[in-house]
Amino acid sequence: MLIIGATAIAVIGLAYMSTSDRFGRPERPVPLDPPLPYFPKIHDRNRADFTICAGPVRANRIIDGDTFWFEGNKFRIADIDAPEITDPACAKERQAGELAKRRLLELLNEGPFSLVAGWRDEDRYGRKLRIVAREDRSIGEELVRKGLARNWEGPRWSWCG
89 MLIIGATAIA VIGLAYMSTS DRFGRPERPV PLDPPLPYFP KIHDRNRADF TICAGPVRAN
149 RIIDGDTFWF EGNKFRIADI DAPEITDPAC AKERQAGELA KRRLLELLNE GPFSLVAGWR
209 DEDRYGRKLR IVAREDRSIG EELVRKGLAR NWEGPRWSWC G
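Taking my numbering, the leading residue of the sequence shown gets 89, the next gets one more, and so forth.
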């Protein structure tokens with residue numbers, strides 16, 4: 089009797105497995121929805137007429153190659169490090185910083201842009217840390233490509249060597 093029962097179970101199991109995969113799932117997989125993109129497209133909504141910072145006005149001014157005022161808030165471009173202008177280590181750094189500042193002015197005045205928050209909202213100086221982008225491309229990366237900034241890799245290192 090035991091042999092007949094075991095044989096019956098084996099026959100039923102083989103019949104079931106012949107119409108599906110070995111785990112009883114249907115042969116044809118159920119279609120899945122397409123995956124969502126990790127970063128949704130950002131619409132560039134910010135726009136202003138920027139000028140070089142001079143005096144106490146704190147609206148829409150470029151301070152240096154990676155810092156600017158916009159709508160009363162001070163922003164630091166989070167993905168780059170530009171040469172210092174205020175306290176440079178050498179004349180070469182000051183010159184590079186002036187070029188970076190002027191190029192940032194041009195880039196921000198070219199059209200609408202986005203401010204994308206990262207893992208930290210502010211730095212220790214109270215500046216809002218943001219990646220500045222236009223059409224989903226980092227404006228900071230444009231400065232890096234032109235040799236006017238470096239990718240952010242932590243505390244500053246020399247522009248003079």
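Quick reminder that beta carbons are idealized off the backbone N, C-alpha and C, glycines included.
The beta carbon of aspartate 209 is closer than 8 Å to those of Lys216, Leu217 in its chain, skipping five residues each way along the sequence. Out of Leu203, Glu159, Arg212, Ala170, the CA that lies nearest to the CA of tryptophan 245 is found in Ala170. The continuous alpha helix (DSSP H) containing asparagine 197 extends over residues 179-197.
For aspartate 152 against tryptophan 240, the beta-carbon gap comes to about 14 Å, at or over 8 Å, which does not count as contact. Note on geometry: alpha-carbon atoms of alanine 136 and threonine 174 lie some 24 Å from one another.
The beta carbons of aspartate 154 and alanine 237 sit about 6 Å from each other, so the pair counts as a contact at 8 Å.
Comparing alpha-carbon positions, the option among Leu193, Pro176, Gly185, Lys180 lying closest to phenylalanine 158 turns out to be Leu193. In the DSSP assignment, glutamate 229 falls within the alpha helix (DSSP H) that extends over 227-233. Sequence-distant Cβ neighbours of arginine 133 in its own chain, meaning closer than 8 Å and more than five residues away, are Pro200, Ser202. Contact check for arginine 191 against leucine 231 passes: the beta carbons are separated by less than 8 Å.
If you draw a 10 Å sphere on the C-beta of glycine 160, you find fewer than 16 other C-beta atoms in it, and that means exposed.
The continuous stretches of beta strand (DSSP E) do not include asparagine 134, and DSSP gives it neither H nor E.
Within the same chain, Cys248 come within 6 Å of cysteine 178 by CB-CB distance, once the 5 residues on both sides are set aside.
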